[in-house]
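Notes follow the structure.
Protein chains in written order, with my numbering: chain A, 15 to 336; chain B, 15 to 336.
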């Protein structure tokens with residue numbers, strides 16, 4: 015699949031009036047920050063644009079929704095453009111897939127290398143640390159008026175997806191774009207406080223409960239933990255509160271691979287994996303999932319204990335092969 | 015006090031042969047990263063330069079010492095240049111002050127606005143997020159050969175002192191310099207792993223155990239938790255592993271005051287407090303302790319449960335008075 019140019023995508027948006035923007039489910043800072051940034055830029059150009067969502071905005075990201083989000087899909091049925099950001103598979107926005115597909119033109123902008131490029135126009139760049147980086151380039155191609163709010167949204171996208179510029183996906187370009195965002199009024203401190211100093215007690219408590227039962231295996235090279243519905247209940251937390259915990263697990267000395275096994279629904283178990291040196295993408299793919307080399311995931315059927323055991327075995331094998 | 019130019023400082027270093035470099039005690043990433051970077055650059059120019067230290071290098075910073083550090087002060091007595099970095103007061107390197115002062119020329123490079131400028135040549139810039147930013151400018155003025163090791167050292171300096179580019183001191187310049195360090199072979203991921211991905215499992219597990227029993231009170235404005243010897247045993251941790259946890263407690267949404275009550279010895283209980291808006295110093299003083307408005311502590315006799323109760327009452331009263 016060949017990418018279109020940002021100019022081609024900018025032209026398509028220029029010729030559209032109604033534009034529905036689709037971040038993925040369980041939205042993160044990059045998905046919502048990117049979606050909000052392009053939405054605001056389009057509205058400034060007089061377009062009828064909104065970020066169409068199907069699930070709850072996490073508390074620490076709610077500041078990114080400056081009246082841009084809507085759950086009213088009907089409004090964007092048969093829109094001139096359906097634009098999915100930070101995702102490139104219909105399964106990443108299952109309840110909105112039909113509305114997305116009803117768009118007269120589909121555009122996909124994503125940085126996941128496994129992205130399927132479901133748009134009529136696509137820009138998939140696995141070398142970008144965040145979709146926010148690609149949206150910045152698109153805004154330039156659109157000759158958009160990047161203001162403080164847009165700058166803050168793009169910073170939120172980039173800083174969260176790069177783990178505050180520490181992950182291996184971080185590049186010269188990530189810093190270059192942030193540097194330029196300061197020229198548009200970026201308030202990186204204010205944005206960081208919103209993102210990080212607003213943890214819910216339930217989230218911190220959940221992290222405590224998860225970490226207190228985490229298990230190190232494979233000779234100290236891997237760590238695994240579970241999130242059950244019972245644990246969520248005990249902490250008064252939601253599943254989204256487990257976001258980020260797998261990163262904390264990976265930060266342990268000597269750990270190469272961290273695995274968090276989440277009971278999403280009865281019999282539906284979601285697995286998130288992070289690696290320092292190893293390749294968790296290939297493990298995820300084996301179980302029908304995908305992602306990046308250092309951050310990947312998959313969804314399995316079964317009970318929590320059984321999936322935990324299965325993943326533990328797969329990680330052990332993967333580490334032994336090295 | 016007026017600053018000298020980086021060119022003047024570069025010239026002074028150019029004309030020197032023996033150069034002792036002095037980071038502050040209780041060195042952090044900026045102090046050691048900056049010192050190591052300038053030391054390596056000077057050695058590459060054929061100078062006899064070392065980082066003279068008087069205390070232990072923290073575990074997570076030991077990778078910055080590529081044979082640059084020495085405790086042998088005698089070697090740098092009457093050096094051509096004594097250069098202090100990331101500090102500008104003799105009290106910040108008390109055991110080395112005499113050796114520093116014995117240098118034929120003293121130079122001071124620092125970003126603390128309270129710096130006294132104790133050098134014959136000084137460059138003090140309180141607007142720099144890290145001394146590492148100033149060292150980068152100096153290396154340019156020296157026409158130094160910035161290699162991967164130097165780039166990584168400067169990145170370590172900047173990323174630690176900016177709280178990974180989230181603190182309010184972070185500027186456009188911070189990102190601009192990091193961007194340019196990539197051109198010199200910066201490996202930001204590798205450096206970040208060294209700095210941050212070396213937490214002990216015991217520490218993370220201890221955090222889990224502490225946080226899973228933390229209690230929010232005073233209408234959601236305060237949080238309190240304990241560290242008992244039994245909890246340390248359970249986690250396989252030391253009391254020093256509880257460092258930083260009270261900061262995590264404070265980061266919770268709505269929390270103004272966080273209190274961690276630690277069983278240091280039988281009947282000896284240490285209390286650490288952090289505030290967002292409130293004043294924990296006045297609470298600490300009431301119990302014979304002290305500190306800053308936002309970070310204070312005290313030591314009490316009694317058992318853990320009794321001290322916890324007492325502190326909880328004191329915090330409640332303090333918050334009610336506001």
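Glycine is no exception: its CB is placed at the ideal position from the N, C-alpha and C atoms.
Select from B:277, B:101, B:157, B:111 the residue whose C-alpha is nearest the C-alpha of residue 91 of chain B. In terms of Cα proximity to residue 91 of chain B, the closest of B:277, B:101, B:157, B:111 is B:111.
When the Cα atoms are used, what is the spatial distance from residue 55 of chain B to residue 158 of chain B? Residue 55 of chain B and residue 158 of chain B have their C-alpha atoms roughly 6 Å apart.
Got a sec: is the Cβ-Cβ distance from residue 128 of chain A to anything in chain B below 9 Å? Residue contact with chain B for residue 128 of chain A: absent (no Cβ-Cβ distance below 9 Å to any residue of chain B).
Report the option in B:97, B:307, B:292, B:285 whose CA atom is closest to the CA atom of residue 335 of chain B. Residue 335 of chain B has its Cα closest to that of B:292, out of B:97, B:307, B:292, B:285.
What does a CB cutoff of less than 7 Å around residue 322 of chain A pick up in its chain, not counting 5 residues either side in sequence? Take residue 322 of chain A, set aside five residues on each side of it, and the residues of its chain with a beta-carbon closer than 7 Å to its own are 238, 240, 275, in chain order.
Euclidean distance between Cα positions of residue 60 of chain A and residue 29 of chain A: Cα to Cα, the separation comes out at about 12 Å.
Own chain residues within Cβ distance below 6 Å of residue 230 of chain A, not counting five before or after: So the qualifying residues of the chain are 237.
Look at the Cβ atom of residue 94 of chain A, then the Cβ atom of residue 138 of chain A, and state whether they are nearer than 9 Å. Not closer than 9 Å, so no.
Taking DSSP's pairing of strands, which residues face residue 69 of chain A in a bridge? Within the DSSP secondary-structure output, residue 69 of chain A pairs in no beta bridge.
For my contact list, residue 251 of chain B and residue 260 of chain B are in at a C-beta cut-off of 8 Å; report their separation, rounded to the angstrom. Not really, about 15 Å apart at Cβ, beyond 8 Å.
Using CA atoms only, rank isn't needed, just tell me which of A:235, A:109, A:20, A:166 is closest to residue 124 of chain A. Checked all of A:235, A:109, A:20, A:166; the closest Cα to residue 124 of chain A is A:20.
For residue 72 of chain A, count the other beta carbons within 10 Å of its own beta carbon; 16 or more makes it buried, fewer makes it exposed. Which is it? Buried, since its Cβ has 16 or more Cβ neighbours within 10 Å.
Examine the Cβ distances between the region 203–210 of chain A and the region 169–189 of chain A and report whether three or more of them are shorter than 8 Å. Remark: three or more beta-carbon pairs, one from each stretch, lie closer than 8 Å, so the region 203–210 of chain A and the region 169–189 of chain A are flagged as touching.
Who are the near neighbours of residue 2 of chain B in its chain, counting only those whose CB is closer than 6 Å to its CB and skipping five residues on each side? Since the first residue shown for chain B is 15 and the last is 336, residue 2 of chain B is missing from the structure and cannot be characterised.
Expressed to the nearest angstrom, what Euclidean distance is found between the alpha-carbon atoms of residue 66 of chain A and residue 118 of chain A? Answer to the nearest angstrom: the Cα atoms are 16 Å apart.
Mark residue 133 of chain A as exposed unless 16 or more other C-beta atoms lie within 10 angstroms of its C-beta, in which case mark it buried. A buried status is given to residue 133 of chain A, since no fewer than 16 other beta-carbon atoms sit within 10 Å of its beta-carbon.
Where residue 267 of chain A meets chain E, residues with beta-carbon distance less than 7 Å: Note that chain E does not occur in the displayed structure, where the protein chains are A and B.
Please determine if the region 42–49 of chain A and the region 75–89 of chain A are in contact, where contact requires at least 3 C-beta pairs separated by less than 8 Å. Touching, per the Cβ criterion.
Please state if the CB of residue 200 of chain A and the CB of residue 249 of chain A are separated by a distance shorter than 9 Å. Going by C-beta atoms, residue 249 of chain A is not nearer than 9 Å to residue 200 of chain A.
Does any residue of chain A have a CB that is nearer than 9 Å to the CB of residue 227 of chain B? Among the CB atoms of chain A, one or more fall inside 9 Å of the CB of residue 227 of chain B.
In the DSSP assignment, what are the bridge partners of residue 34 of chain A? When DSSP reads this structure, residue 34 of chain A sits in a beta bridge with A:64, A:96.
For the region 131–154 of chain A, list every residue whose C-beta sits within 7 Å of some C-beta in chain B, in sequence order. Residues of the region 131–154 of chain A with a Cβ closer than 7 Å to any Cβ of chain B: none.
Between the region 179–191 of chain A and the region 180–195 of chain B, are three or more C-beta pairs nearer than 8 Å? Contact holds: three or more Cβ-Cβ distances are below 8 Å.
Which residues in chain A sit within 8 Å of residue 48 of chain B, going by Cβ to Cβ distance? At a beta-carbon threshold of 8 Å, none of the residues of chain A lie near residue 48 of chain B; the nearest stands roughly 19 Å away.
At what residues does the beta strand (DSSP E) containing residue 313 of chain A begin and finish? Segment 309–315, the beta strand (DSSP E) holding residue 313 of chain A.
Less than 9 Å separating the beta-carbons of residue 211 of chain B and residue 223 of chain A? Their beta carbons are not under 9 Å apart, which means residue 211 of chain B does not touch residue 223 of chain A by this criterion.
How many whole angstroms separate the CB atoms of residue 232 of chain B and residue 329 of chain B, which I take to be in contact at a CB cut-off of 8 Å? Yes, residue 232 of chain B and residue 329 of chain B are in contact; Cβ-Cβ is about 6 Å, under 8 Å.
Beta strand (DSSP E) containing residue 90 of chain A: first to last residue? Here residue 90 of chain A belongs to no beta strand (DSSP E), and DSSP marks it neither H nor E.
Whole-angstrom distance between residue 213 of chain B and residue 5 of chain B, CA atom to CA atom: Residue 5 of chain B is absent from the structure shown; chain B starts at 15 and stops at 336.
Hey, does residue 44 of chain B have any beta-carbon neighbour from chain A nearer than 9 Å? When Cβ-Cβ separations below 9 Å define contact, residue 44 of chain B makes no contact with chain A.
Since residue 284 of chain A and residue 311 of chain A should fall inside the 8 Å C-beta cutoff, what is the C-beta to C-beta distance between them, to a whole number of angstroms? So it is a contact: roughly 7 Å between Cβ atoms.
Where residue 320 of chain A and residue 219 of chain A are concerned, what is the direct C-alpha to C-alpha distance, given to the nearest angstrom? When the Cα atoms are used, residue 320 of chain A and residue 219 of chain A turn out to be separated by approximately 25 Å.
Every unbroken alpha helix (DSSP H) inside the region 221–252 of chain B [4 residues or more]: You should have 243–249.
Straight-line Cα distance separating residue 215 of chain A from residue 27 of chain A: Near 42 Å, if we compare the C-alpha coordinates of residue 215 of chain A and residue 27 of chain A.
Write down every uninterrupted run of the alpha helix (DSSP H) in the region 140–220 of chain B whose length is 4 residues or greater and which is fully enclosed by it, in chain order. Fully enclosed alpha helix (DSSP H) runs of 4 or longer: 145–155, 162–175, 186–196, 202–210.
In chain B, which residues lie less than 8 Å from residue 189 of chain A when you measure between Cβ atoms? Close partners of residue 189 of chain A in chain B (Cβ separation under 8 Å): 189, 190, 192, 193, 196.
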